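Engineer: My questions will all concern the structure given below.
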Amino acid sequence: MNKSQKSFRPKARVPKGLRDMSAGMVRAEERMLARIREVYERYGFDPLETSAFEYADALGKFLPDEDRPNEGVFSFQDDDEQWLALRYDLTAPLARYVAENYDALPKPFRRYQTGPVWRNEKPGPGRFRQFTQFDADTVAAPGVAADAEMCMMGADCLEALGIPRGSYRIRANNRKVLDGLLERIGIAGEPGSTTYMTVLRAIDKYDRLGRKGVELLLGPGRKDESGDFTKGAGLSPSQITAVVDYVESGVGEGASDRKLVLDGWRNVVGESAIGREGLDELAEMDALFTAAGYGLDRIEFNSWIVRGLGYYTGPVFESDLLFEVKDEVGNPVRFGSVGSGGRYDGLVERFKGVKVPATGFSIGVSRLQAALELLGKLDVEDVLAPVVVLTLDAANMAGYQAMVSELRAAGIRAELYLGGSGMKAQLKYADKRGAPIAVIEGEDERTKGEVTLKDLILGSEMSKEIEDNAAWREGQPAQVAVPRARLVEEVTAMLARHRSVRGHHG
RNA sequence: GCAGCCGUAGCUCAGCUGGUUAGAGCGCUAGAUUGUGGAUCUAGAGGUCCCCCGUUCGAUCCGGGGCGGCUGUACCA
60 MNKSQKSFRP
70 KARVPKGLRD
80 MSAGMVRAEE
90 RMLARIREVY
100 ERYGFDPLET
110 SAFEYADALG
120 KFLPDEDRPN
130 EGVFSFQDDD
140 EQWLALRYDL
150 TAPLARYVAE
160 NYDALPKPFR
170 RYQTGPVWRN
180 EKPGPGRFRQ
190 FTQFDADTVA
200 APGVAADAEM
210 CMMGADCLEA
220 LGIPRGSYRI
230 RANNRKVLDG
240 LLERIGIAGE
250 PGSTTYMTVL
260 RAIDKYDRLG
270 RKGVELLLGP
280 GRKDESGDFT
290 KGAGLSPSQI
300 TAVVDYVESG
310 VGEGASDRKL
320 VLDGWRNVVG
330 ESAIGREGLD
340 ELAEMDALFT
350 AAGYGLDRIE
360 FNSWIVRGLG
370 YYTGPVFESD
380 LLFEVKDEVG
390 NPVRFGSVGS
400 GGRYDGLVER
410 FKGVKVPATG
420 FSIGVSRLQA
430 ALELLGKLDV
440 EDVLAPVVVL
450 TLDAANMAGY
460 QAMVSELRAA
470 GIRAELYLGG
480 SGMKAQLKYA
490 DKRGAPIAVI
500 EGEDERTKGE
510 VTLKDLILGS
520 EMSKEIEDNA
530 AWREGQPAQV
540 AVPRARLVEE
550 VTAMLARHRS
560 VRGHHG
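Residue numbering for the first sequence follows the working numbering, starting at 60 and increasing by one per position.
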């Protein structure tokens, strides 16, 4: 036997940035998805599902390049040599779907979609290489009423998820205001140019780096605490001042009213036509928010919300949690926004050649879940574990099977102990499982036509007061012998008692 | 991608200024305590000391390279 063959063992490990989800996490996520879905449905969106991967050219300009074939997206070649890529969001597949089925769809077309997406990026807290998003989009809707709806629906979703009003904020802005500002202060470069994007991204970091950091990024560049240097946009001092003044006009005291913020921005955009247009759109959105009763405690206009992505063309928005999140060790964790969106009028155009205005909102379910988990606000474990029927006597498996079947037929979660260990281990198993009741039928019970029901929840309460082992065992805490024929009724009664003690359920 | 710190049991870590069989606590598996989850006691399993190369009589420890993790930063279409 070859030595290397003999000693080879694959290392059991989950790939970085991916994770396994235990029962509690799966249930928590499903609950979140159900609540979001309910809101989306109420707003009149219909479900759509598209596949997990697409032809790479349909997803965007991101064909694998030679140096780093998997940069950003995970991609691979089909047997006909065509490049496929795992979807990195749900918007690009939507654009493909709309373009492919354009004539058959009602317009506007409103759909929601959830599912995993994949990005080949460096993972971090609340940042994974596979994560779940939940999107709603309205396609072929030119007016900003569609954008305003997204903002309001985003607020509704967060509240439906149990985040209290005041603990989150939907922050909106308009790319056109930014365009107006840059036009006024004479920054050369079309939207999408390097300088334009560098300025945008610098503004985007105001939240994190403050005025000083943004000034450096707009000017010569910034060195971070690890000594790494980030190249700046190279603006002149007066340009920098203009940009930073604008950014600070939308925060703090000045942001006390959406209308006041817009008034302040009139000077920012000056005579710029595109800037004026942006402000008019925001004013229209404000009117809609106000009419629908969405005040500043839910939606605000915010100058440093610009979104780093190139494809947004109008209103942009994101949702942020306002409370501080700390990790297990107590260090503050910086989560990005838990939802974001905006208007992308050019995405379908890539396929159709005609402009199809669209806007959408995407909730980062995985990130939100990670944040709520660290906050201890993720309600896990309200699913009752099964009743466990112990199998003490291999010759009587049929009898045990009959009990489990009766319990299941009565709608009670129940399982046979299927391991190979003795009674003590079986109870330990039931305990670890969180089982409310263990059903015990040994020889003694069988001859008497009884079963013993052990109330594991009550027993665990009692054990806190018993130190002595003899007393603990002799007392046979919280168990009762009942006639075998009354198994289902007695178990049902015991479960009902648990429910009333626990007080909540439903 | 760039920079800093870090890699010893499932987890949290100790240890060795380079020397035979690498340890603890918790966890896990079992035994004792009448056929009973907690507690207590006993035993057992579990390690290529991240990997490779070099220095050395000898490397978990020293040097180089790699890989992985964390943090910051960048990127996030």
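Built from N, CA and C at the ideal position, the CB exists for glycine as well.
If you're wondering where the values come from, they're calculated on a predicted model, not measured in any experiment.
Would you identify the three-state DSSP class for Tyr156, choosing helix, strand or coil?
Structural biologist: In the structure shown, Tyr156 sits in a helix (DSSP, three-state: H, G or I).
Engineer: Apart from the five residues just before and just after Phe288, which ones in its own chain have a Cβ nearer than 7 angstroms to its Cβ?
Structural biologist: Correct list, in chain order: Gly280, Lys282.
Engineer: Going along the chain, which unbroken runs of the beta strand (DSSP E) with 3 or more residues stay wholly within the region 339 to 397?
Structural biologist: Runs found: 358 to 360, 374 to 380.
Engineer: Let me know the secondary structure DSSP gives Gly76 once reduced to three states.
Structural biologist: Reduced to three states, the DSSP call for Gly76 is coil.
Engineer: Closer than 8 angstroms is the cut-off here; do at least three beta carbon pairs connect the region 232 to 244 with the region 361 to 377?
Structural biologist: Counting Cβ pairs under 8 angstroms, three or more are found: they touch.
Engineer: Can you name the start and end residues of the beta strand (DSSP E) that Arg170 belongs to?
Structural biologist: It spans 168 to 177 - the beta strand (DSSP E) in which Arg170 sits, taken as one unbroken run.
Engineer: For Leu347 versus Ala205, is the C-beta distance shorter than 8 angstroms?
Structural biologist: Taking 8 angstroms as the Cβ cut-off, Leu347 and Ala205 do not qualify as a contacting pair.
Engineer: Among the residues of its own chain, which have a CB less than 7 angstroms from the CB of Gly493, if the five just before and after it don't count?
Structural biologist: Closer than 7 angstroms at Cβ, skipping near neighbours: Ala444.
Engineer: Going by DSSP in three states, Pro184 sits in which element: helix, strand or coil?
Structural biologist: Coil at Pro184, not helix or strand.
Engineer: Relative to the C-alpha of Asp139, which candidate in Glu180, Tyr114, Ala163, Ile525 has its C-alpha closest?
Structural biologist: Here the closest residue by C-alpha is Tyr114.
Engineer: Rounded to whole angstroms, what is the Cα-Cα separation between Gly400 and Gly419?
Structural biologist: Approximately 5 angstroms, taken between the alpha carbons.
Engineer: So, with DSSP's three-state summary, where would you put Thr418?
Structural biologist: Three-state DSSP puts Thr418 in a strand.
Engineer: May I have the straight-line CA-CA distance separating Ser295 from Thr349, to the nearest angstrom?
Structural biologist: Their backbone Cα atoms lie some 39 angstroms apart in a straight line.
Engineer: Measuring alpha carbon to alpha carbon, tell me which of Glu274, Glu504, Leu241, Leu92 ends up nearest Gly221.
Structural biologist: The residue with the shortest Cα to Cα distance from Gly221 is Leu92.
Engineer: Can you give the Cα-Cα distance for Arg178 and Val132, rounded to whole angstroms?
Structural biologist: Their Cα atoms are separated by approximately 5 angstroms.
Engineer: What's the C-alpha gap between Tyr227 and Gly398?
Structural biologist: Each residue's alpha carbon lies about 11 angstroms from the other.
Engineer: Taking one C-beta from the region 355 to 372 and one from the region 165 to 180 each time, how about it: are there three or more such pairs within less than 8 angstroms?
Structural biologist: The answer is no - the region 165 to 180 does not touch the region 355 to 372, with fewer than three Cβ pairs under 8 angstroms.
Engineer: State buried or exposed for Asp238, treating a residue as buried only when at least 16 other CB atoms are found within 10 Å of its CB.
Structural biologist: Looking at its Cβ environment, which holds 16 or more other Cβ atoms inside 10 Å, Asp238 is buried.
Engineer: Using a threshold of 8 angstroms, state whether the C-beta atoms of Asp215 and Val98 are closer than that.
Structural biologist: Cβ atoms of Asp215 and Val98: closer than 8 angstroms.
Engineer: Using the DSSP secondary-structure output, state which residues sit across from Tyr114 in a beta bridge.
Structural biologist: BP columns for Tyr114 point to Leu143.
Engineer: On the premise that Gln192 lies in contact with Ile422, defined as a C-beta separation below 8 angstroms, what is that separation, rounded to the nearest angstrom?
Structural biologist: The Cβ separation is near 7 angstroms, so the contact holds.
Engineer: Report the rounded CA-to-CA distance for Pro106 versus Val442, giving the unit in angstroms.
Structural biologist: Roughly 27 angstroms between the two C-alpha positions.
Engineer: Going by DSSP, what residue range makes up the beta strand (DSSP E) through Phe288?
Structural biologist: Where Phe288 is concerned, the enclosing beta strand (DSSP E) stretches over 288 to 290.
Engineer: Among the residues of its own chain, which have a CB less than 6 angstroms from the CB of Arg317, if the five just before and after it don't count?
Structural biologist: Once the five neighbours on either side are set aside, the close Cβ partners of Arg317 are Asp345, Phe360.
Engineer: If we ignore side chains and look at the alpha-carbon of each, how far apart do Gln189 and Arg467 end up?
Structural biologist: Their Cα atoms are separated by approximately 36 angstroms.
Engineer: Do three or more CB pairs link the region 329 to 342 to the region 290 to 304 at distances below 8 angstroms?
Structural biologist: In short, these stretches do not touch, since the Cβ pair count stays below three.
Engineer: Since Leu275 and Gly291 are thought to touch, with beta carbons under 8 angstroms apart, how far apart are those beta carbons, to the nearest angstrom?
Structural biologist: Right, their Cβ atoms sit about 6 angstroms apart.
Engineer: In the DSSP output, which residue or residues are listed as bridge partners for Asp162?
Structural biologist: DSSP lists no partner for Asp162.
Engineer: So, are the CB atoms of Leu554 and Ile499 less than 8 angstroms apart?
Structural biologist: Cβ atoms of Leu554 and Ile499: not closer than 8 angstroms.
Engineer: In chain order, which beta strand (DSSP E) runs of at least 3 residues are fully inside the region 479 to 524?
Structural biologist: The qualifying runs are 496 to 499, 509 to 514.
Engineer: Use the C-beta contact count for Thr257: other C-beta atoms within 10 angstroms, 16 or more gives buried, fewer gives exposed.
Structural biologist: So Thr257 counts as buried.
Engineer: Go through the region 183 to 263 residue by residue and report every complete run of the alpha helix (DSSP H) that reaches 4 residues or more, in order.
Structural biologist: Fully enclosed alpha helix (DSSP H) runs of 4 or longer: 204 to 219, 234 to 243, 253 to 263.
Engineer: Would Phe104 be called buried (16 or more neighbouring beta carbons within 10 Å of its own) or exposed?
Structural biologist: So Phe104 ends up on the buried side.
Engineer: Once the 5 residues before and after Val463 are set aside, which same chain residues still bring their CB inside 6 angstroms of it?
Structural biologist: Closer than 6 angstroms at the Cβ level, and outside the excluded window around Val463, lie Val448, Ala473, Leu475.
Engineer: From this set, Glu548, Gly479, Gly83, Lys487, which residue's C-alpha is nearest Ala469's C-alpha?
Structural biologist: Checking every option, the nearest Cα to that of Ala469 belongs to Glu548.
Engineer: Put Arg472 into one of helix, strand or coil per three-state DSSP.
Structural biologist: Note: Arg472 maps to coil in three-state DSSP.
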